[in-house]
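Here is the structure we will look at.
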Amino acid sequence: MAKKQAAGRRYWLFKSEPESYSIDHLERDSQTFWAGVRNYQARNFLRDDIQVGDGVLFYHSSTEPMAIVGAMEVVKAGYPDHTAFDPKDHHYDPDSDPKSPTWYMVDVRFARKFAVPLTRDALKAQKGLEKMVLLQKGSRLSIQPVTAEEWRIIEELAKNSGKSGAHKG
DNA sequence: GCCAACGTTGGC
DNA sequence: GCCAACGTTGGC
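Okay, structure coming up:
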């Protein structure tokens, strides 16, 4: 029981630059493998912690506006990132041996796109999200944990901004 | 476009 | 095993 705790659903946030892969790409594809993560801390989450059924927030980074734009669900837990083995792939890593892979990925499916993106500024202004990894100064983790409480607040925000968006103001 | 924060590499 | 140099991330 060391590895698979029977704990409940857990929550995460994945970053992506929308120019390379956006929520709209995911909606089009409906499912994808989240490849190309080349950071050990993020790798550990992918390999060891992220489980089928976990909820994942989709964050658009390095864009205007930076925002959480929707949600996904994990449909396959950590397995070797094959893009590391392909010399033609942008994420090729000659040090990753297929017999003992360095890098891992998970599969996610599109759950929903928020009616209104929850911008970084809005998140920063939101009570209860002060400790979000995303909002910590200098945080560069592209795969990061989200607490159940943070998830709840964000779901609520998404729901409410969706409503008010209909009648502006 | 700038640059601070961070992670990785490599000389010693 | 330290740490300076370097490359990258990503907010601003």
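Note that numbering that gives the first Met the number 0 numbers the first sequence so that position 51 is 50, with each residue one more than the last.
A virtual CB, placed ideally from N, CA and C, is assigned to each residue, including glycine.
Tell me the DSSP bridge mates of residue i?
i, result
"Glu149", "None; Glu149 has no bridge partner."
"Ala66", "His59 and Thr118"
"Leu12", "Leu56 and Gln143"
Compute the distance between the beta-carbons of residue i and residue j, then report whether it is under 8 Å.
i, j, result
"His177", "Thr82", "Since the first residue shown for the chain is 0 and the last is 168, residue 177 is missing from the structure and cannot be characterised."
"Arg8", "Gly77", "no"
"Ser60", "Ser19", "no"
Straight-line CA distance for residue i to residue j?
i, j, result
"Leu25", "Val68", "11 Å"
"Asn159", "Gln125", "13 Å"
"Tyr220", "Ala157", "The chain is shown from 0 up to 168; residue 220 falls before or after that span and cannot be answered."
"Ser138", "Phe109", "25 Å"
"Ile152", "Lys162", "16 Å"
"Leu133", "Thr31", "23 Å"
"Ala121", "Asp85", "40 Å"
"Met0", "Pro64", "Only weak support exists for where Met0 lies, its pLDDT of 47 falling under 50; the coordinates are left without a value."
"Lys136", "Trp33", "25 Å"
"Phe13", "Ser99", "25 Å"
"Gly164", "Phe113", "Low confidence applies here, because Gly164 scores a pLDDT of 49, under 50, leaving its location unreliable; read the following figure in that light. One C-alpha to the other measures close to 11 Å."
Counting along the chain, where does the alpha helix (DSSP H) carrying residue i start and finish?
i, result
"Glu26", "Ile22 to Asp28"
"Tyr39", "Tyr39 to Asn43"
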